[in-house]
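Remarks on the structure that follows.
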Amino acid sequence: MTKPHPEILPGTKDQRVFIGGQYDFMPTLRELARFVHEISSEEKELIPIIPYDFMKSGIPETQTMEWDLSILANCRYAIFDLSDLGAQLVEMQEADPKYTDSLIVYPVRERRNEPERGRRTVLSFGLPHFGYRTFNELKGIVGRFLMDEASMLGKDYTPGIIYDPTLDRETRRARVLLATGREDTAEDVLKKLVRNDIYRRAIEPWLQLALVGHYRENDGLTKDAINKATEIAQGDPHAEAEIAYCQGSINFLKNKLEDANSRLENANRLNPGVGRFLERLGYVNWLLKDRQAAIENTENALKDESIPDPLVTLNAINNLAYFYCEEARASSDVSLIYEAYELSTYLPDYHQVFRRKRASWLDTRGVAAVRMGKYLADQPHERSKACKALDIARAVLQEAKALAPSTSMPKSTGERC
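Just so we're on the same page, this note's numbering is the position in the sequence shown counted from 1, plus 7.
If you want it as structure tokens, here you go:
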């Protein structure tokens, strides 16, 4: 069969998602393509492009890379799988960040590990990268990367891990609509979903409706949705935990911190150790000035290896690094400065891939670098390291200030080495 020329690839450039990787790992590439199909919606159509499927018949092997690169140039997004190292490294180098949003994924044994092979090579590209332990984790990573509109939200309040493809797609679609201020359409999507006999007994759309009710200032909608979810979840502690988490998140949004704390503690009691619950609980603890509980719960959130959404993990990393910075200032504990500096290392890169409109991740990295720079400046023979840390702080905080001009930059960043 004759394969199409890049000029006649399906869809438009903005819809295409380039899938790069070793063809010996084609099952993984096919899974990535399937995830892209399932994430695609009416609001944002996405089309996976595996170059192998569009290779011109009879093309010499010496020209295959040139052909792949011509396809890459016609795609808005690129996802590179590093199950093994190969030609995708060239594709990664050629992915122009001005025209292509790129993401690297790779299998790992434990969360947050770098790939064992080619680690320095991967980091040298400066592209955001995530390890995955299961295909379910990989789907969450891909979904968050491609749902750029939803990533404008500062935090993630989505309940549960959703497995049914239609339920998954429509719930994600509602999230995008909600994130972009289209609450009416989000409500219509969710109500259509729960009118379907197949999904009427699923709690996910009801909990999303509760959130829609909050954003529309419709307490009746929120109450009815929570009551329906409670009826469905009766006798299922894990489902009851999701309801408590949703209620806690809504209370947090309403600035009812004591109520939020109580609901989130109940969620953790019903289903202990869930990273989403602990990340939110830790942040509420901090706002209630319970620093010890905040740090402990946030540390425990990062021990949950089954978090499906990387944004939850990154929020926990950001929060914990900030908590450590504040504790280091209060206690003069040098080890916390090092912990905060290391934790915050990749926050600026992730800020770019998720196209965040808020400067919190940049602020945290900047403050951690300032703390490290000031500490090292007082140590004999550490001046060059201090200068490097302060240079990082200066650059990151300038970027943060561009996003939020009212941000006051620490005076330390004005120092010259």
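Don't be surprised by glycine CBs; every beta carbon is placed ideally from N, CA and C.
Neighbourhood of residue i by C-beta distance below 6 Å, restricted to the same chain and skipping five residues each side
i, result
"Trp293", "Ala301"
"Leu228", "Gly220"
"Asp88", "Gly28, Thr35 and Val112"
"Pro58", "Asp75 and Ile78"
"Val24", "Val43, Leu53, Pro55 and Tyr84"
"Glu38", "Phe142"
"Thr107", "Ala85"
"Arg207", "Val201"
"Tyr170", "Legend: pLDDT at Tyr170 = 44, less than 50; position of this residue unreliable, value from coordinates given subsequently. Closer than 6 Å at Cβ, skipping near neighbours: no residue."
"Ala248", "Ala274, Leu277 and Asn278"
Nonlocal neighbours in the same chain, by C-beta distance under 7 Å from residue i, ignoring five residues either side
i, result
"Ser351", "Ala328, Thr371, Arg372 and Ala375"
"Glu406", "Leu369"
"Asn273", "Ala251"
"Asn81", "Pro13, Leu16, Lys20 and Arg23"
"Val341", "Tyr382"
"Met379", "Ile344, Tyr348 and Ala396"
"Ala40", "Ile26, Pro55 and Ile57"
Whole-angstrom C-beta distance between residue j and residue i, which should lie under 8 Å
i, j, result
"Ala240", "Arg270", "Ala240 to Arg270, Cβ: 14 Å. No contact."
"Gly220", "Ala209", "No, Gly220 and Ala209 are not in contact; Cβ-Cβ is about 18 Å, not under 8 Å."
"Tyr348", "Pro135", "Wrong, their Cβ atoms sit about 19 Å apart, outside the cutoff."
"Val196", "Glu177", "6 Å"
"Gly280", "Asn307", "7 Å"
"Thr305", "Phe284", "11 Å between Cβ atoms; not a contact."
"Gly289", "Asn326", "6 Å"
"Val115", "Arg140", "6 Å"
"Gly255", "Ala246", "The pair is not a contact, with the Cβ atoms about 15 Å apart (cut-off 8 Å)."
"Glu50", "Leu184", "7 Å"
"Glu286", "Val319", "6 Å"
Simplified DSSP assignment, three categories, for residue i
i, result
"Asp398", "helix"
"Asp266", "helix"
"Asp1", "Because residue 1 is not part of the residues shown, which for the chain are 8 to 424, the question remains open."
"Ala80", "coil"
"Arg365", "coil"
"Gly28", "coil"
"Asp204", "coil"
"Arg23", "strand"
"Ala102", "coil"
"Pro387", "coil"
"Pro17", "coil"
"Ala209", "coil"
"Ile57", "coil"
"Gly220", "helix"
"Gly437", "Nothing about residue 437 can be reported from this structure: the residues present for the chain run from 8 to 424 only."
"Pro114", "strand"
"Asp297", "coil"
"Asp88", "strand"
"Gly138", "strand"
"Glu49", "coil"
"Leu160", "For Leu160, the predicted structure reports a pLDDT of 35, less than 50, and the residue's modelled location is therefore unreliable. A value from the coordinates is still provided. Correct three-state label for Leu160: coil."
"Leu309", "coil"
"Gly188", "coil"
"Met62", "coil"
"Asn292", "helix"
"Asn225", "coil"
Sequence-distant residues of the same chain with beta carbon closer than 8 Å to residue i, five excluded per side
i, result
"Glu45", "Lys146, Pro172, Asp175 and Arg176"
### Sequence ranges, beta strand (DSSP E) only - wholly within the region 320-354, length at least 3
Complete beta strand (DSSP E) runs here, min 3: none at all.
### Query
For the region 241-288, which segments carrying the alpha helix (DSSP H) assignment without a break, of at least 4 residues, lie completely within its bounds, in sequence order?
244-260 and 264-277
### Message
Count Cβ pairs between the region 251-265 and the region 274-294 that sit closer than 8 Å; are there 3 or more?
### Response
As far as the Cβ criterion goes, the region 251-265 touches the region 274-294, which means the pair count is three or higher.
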